[in-house]
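Numbering (the working numbering), first residue to last: 56 to 167. Ideal placement from N, C-alpha and C gives every residue a C-beta, glycine not left out.
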């Protein structure tokens with residue numbers, strides 16, 4: 056699995072290491088590395104080109120940003136999972152396939 060994130064490579068590597076999330080991924084791709092940021096379709100193209108086993112049907116976009124993560128996933132026709140830890144209202148046109156308010160519920164959704 057690949058983690059795709061906006062930001063500078065070094066900063067995002069530190070964040071992923073600090074949170075412990077990197078143990079769930081084989082690789083990480085940053086917008087800094089590929090020259091495109093979410094929600095651009097080119098961001099997703101670069102990730103899918105890097106990992107040919109990924110398809111739209113076996114991939115889920117997980118993120119806490121409605122305008123970047125969920126919009127990007129919607130544009131790319133992926134299932135999306137909105138991490139809404141603060142339970143804020145979604146006042147945007149971007150709709151997630153799933154929504155969680157606790158991180159420990161993510162694995163159950165990803166395994167579906």
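If you draw a straight line from the Cα of residue 66 to the Cα of residue 102, it is about 19 Å long.
Residue burial annotation: residue 112 is exposed, with fewer than 16 other C-beta atoms found within 10 angstroms of its C-beta. Here residue 125 is near residue 149, since their CB atoms are less than 8 Å apart. The C-alpha of residue 85 lies about 6 Å from the C-alpha of residue 64. Its chain contains no residue whose beta carbon lies nearer than 6 Å to that of residue 143 once the 5 sequence neighbours on both sides are disregarded. Annotation: residue 114 is outside any beta strand (DSSP E) and is labelled neither H nor E by DSSP. Here residue 133 has 111, 114, 115 and 116 as same chain residues with Cβ atoms under 7 Å from its own Cβ, once five neighbours each way along the sequence are excluded.
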